[in-house]
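Colleague: Below is a structure I'd like to ask you about.
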Ligand SMILES: C[S@@+](CC[C@H](N)C(=O)[O-])C[C@H]1O[C@@H](n2cnc3c(N)ncnc32)[C@H](O)[C@@H]1O
């Protein structure tokens, strides 16, 4: 049996009870080091812990898949929620296993950001640049989201200098592509742990540096909810 479990945004207090139960009963617990650190206190002493990094993840997941096919209870732990910016890793787990695997959602950094910054999901689009492959369709989509007066919650790409697409690159790209530099913009770092927040405009974001563990909110200039007059009696 194998299941992918969202560990939440970093503080173990945000892990679901079901996620904790699965980890406590696991024979094998696998994931990236920083994510395993979140749940380390719950891993049974008899369980095998499989840590991995970007370079060896395919080999390590093959090892976990073997344990799964041998009948062990395996849990692969993901950062935040699997269903936001986690699917490329999920696809690697499924490729290793040779079939689809079950997922247990976790609380995403996007949900904590929405709570801190008071943003309504209904009026917000979610875009991640933390992915392999061509970013261009996602960049264009972000321009359209803002042109449609929706908010955007954006995960940047913190890789090496040549490939990173951090808040300052995102802001510069948007302004260069016709998005108003006046959009209210926030960047939140290390949510649920050592939190930091920055508030400004897209134009001001162009010069700012943030750590890898950051998530960005670009607000619509005219929130959708403010464009609707309530009907009498509603
Ligand atoms: C591969 S994505 C995974 C996102 C995760 N699935 C989620 O739902 O939050 C990793 C990126 O998410 C963002 N992130 C994750 N946790 C965060 C937190 N606690 N505070 C701020 N940003 C976070 C950072 O940009 C980080 O590099």
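Residue numbers (my numbering): 838 to 1071. All C-beta atoms, glycine included, are put in the ideal place defined by N, C-alpha and C. Please read these numbers as outputs of a predicted model, since none were measured by experiment.
Which residues in the same chain as residue 904 place their Cβ atom closer than 8 Å to its Cβ, once the five residues preceding and following it in sequence are excluded?
Modeller: 864, 865, 885, 911
Colleague: May I ask which residues mark the beginning and end of the alpha helix (DSSP H) holding residue 875?
Modeller: 870 to 876
Colleague: Could you have a look at residue 935 and say whether DSSP puts it in helix, strand or coil?
Modeller: In the structure shown, residue 935 sits in coil (DSSP, three-state: anything other than H, G, I, E or B).
Colleague: To which residues does DSSP link residue 1023 through a beta bridge?
Modeller: 1036, 1054
Colleague: So if DSSP puts residue 941 in a beta bridge, which residue, or which two residues, is it bridged to?
Modeller: 842
Colleague: Buried or exposed: which applies to residue 847, given that a residue is buried once 16 or more other Cβ atoms fall within 10 Å of its Cβ?
Modeller: buried
Colleague: Counting pairs of Cβ atoms below 8 Å between the region 979 to 988 and the region 957 to 968, do you hit three or more?
Modeller: A contact is defined here as three or more CB-CB pairs under 8 Å, and the region 979 to 988 meets this definition with respect to the region 957 to 968.
Colleague: Which whole-angstrom value describes the C-beta separation of residue 941 and residue 849, a residue pair presumed to lie in contact below a C-beta threshold of 8 Å?
Modeller: Not confirmed; about 15 Å, so no contact.
Colleague: Are the beta-carbon atoms belonging to residue 993 and residue 975 less than 9 Å from one another?
Modeller: no
Colleague: Determine the direct distance from the alpha carbon of residue 838 to that of residue 853, and round the result to whole angstroms.
Modeller: 19 Å
Colleague: Please state if the CB of residue 870 and the CB of residue 890 are separated by a distance shorter than 9 Å.
Modeller: Yes, Cβ-Cβ distance for residue 890 and residue 870 is below 9 Å.
Colleague: In or out: residue 1022 buried (at least 16 other Cβ within 10 Å) or exposed?
Modeller: With 16 or more Cβ atoms within 10 Å of its Cβ, residue 1022 is classed as buried.
Colleague: Is there at least one non-hydrogen atom of ligand 1 closer than 8 Å to the beta-carbon of residue 1002?
Modeller: no
Colleague: Does the Cβ of residue 918 have 16 or more other Cβ atoms within 10 Å, making it buried, or fewer, making it exposed?
Modeller: Residue 918 comes out buried.
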